[in-house]
Amino acid sequence: MMLKRPKSAFSNQRGFTFIELLMVIGILGVLSALAVQQIKFNRENAYDRQAQAMIRNLLTYAAIDEPDPPAGQENQNGTGGSFAVYGYPEVEIPGNVYWKVVNDGDDRWRFYFAHPGGQVGFYFWIPGGTYSGSLDD
Numbered sequence: 005m006m007l008k009r010p011k012s013a014f015s016n017q018r019g020f021t022f023i024e025l026l027m028v029i030g031i032l033g034v035l036s037a038l039a040v041q042q043i044k045f046n047r048e049n050a051y052d053r054q055a056q057a058m059i060r061n062l063l064t065y066a067a068i069d070e071p072d073p074p075a076g077q078e079n080q081n082g083t084g085g086s087f088a089v090y091g092y093p094e095v096e097i098p099g100n101v102y103w104k105v106v107n108d109g110d111d112r113w114r115f116y117f118a119h120p121g122g123q124v125g126f127y128f129w130i131p132g133g134t135y136s137g138s139l140d141d
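End of the sequence shown = 141 in the numbering used here, gap-free, step of one.
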């Protein structure tokens with residue numbers, strides 16, 4: 005006696021419907037759009053942190069022993085390059101970072117910078133004192 009196997013409930017289906025495929029494509033599109041925005045945000049934050057660390061290092065060197073900017077660097081500007089205080093290592097400034105050193109008239113030297121992340125900020129050091137500053141001003 006031969007036994008017949010029962011038919012599966014899915015035996016009549018051949019694949020996904022067009023609507024189901026469109027739904028999957030739509031969901032994948034939304035997820036990829038969110039991922040691209042997050043990657044862009046993370047990259048901009050990395051630019052910000054890189055510039056902040058570079059400026060902090062630079063001004064740590066400047067504030068340790070030398071209250072004024074290095075000779076020839078005052079009231080200067082440029083893009084990239086290096087910045088050094090006599091007796092301390094140079095700080096390399098990436099080529100895509102614009103910088104400017106100025107004395108704003110109140111005995112504070114300011115180091116302004118702008119970088120690819122779009123944020124513009126400054127740090128300053130006071131002759132004879134330690135440096136302070138803000139990226140939000």
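Ideal Cβ positions, reconstructed from N, Cα and C, are used throughout, including at glycine.
Three-state class that DSSP yields for residue i in the structure shown
| i | result |
| --- | --- |
| Lys104 | strand |
| Arg47 | helix |
| Gly33 | helix |
| Val18 | Residue identity differs from the one stated: residue 18 is Arg in this sequence, not Val. Coil at Arg18, not helix or strand. |
| Gly91 | Note that Gly91 has pLDDT 49, beneath the 50 cutoff, so the model's placement of it is unreliable and the number below is only indicative. In this structure, Gly91 counts as coil in the three-state DSSP scheme. |
Same chain, Cβ closer than 7 Å to residue i, five either side skipped, listed in chain order
| i | result |
| --- | --- |
| Val34 | none |
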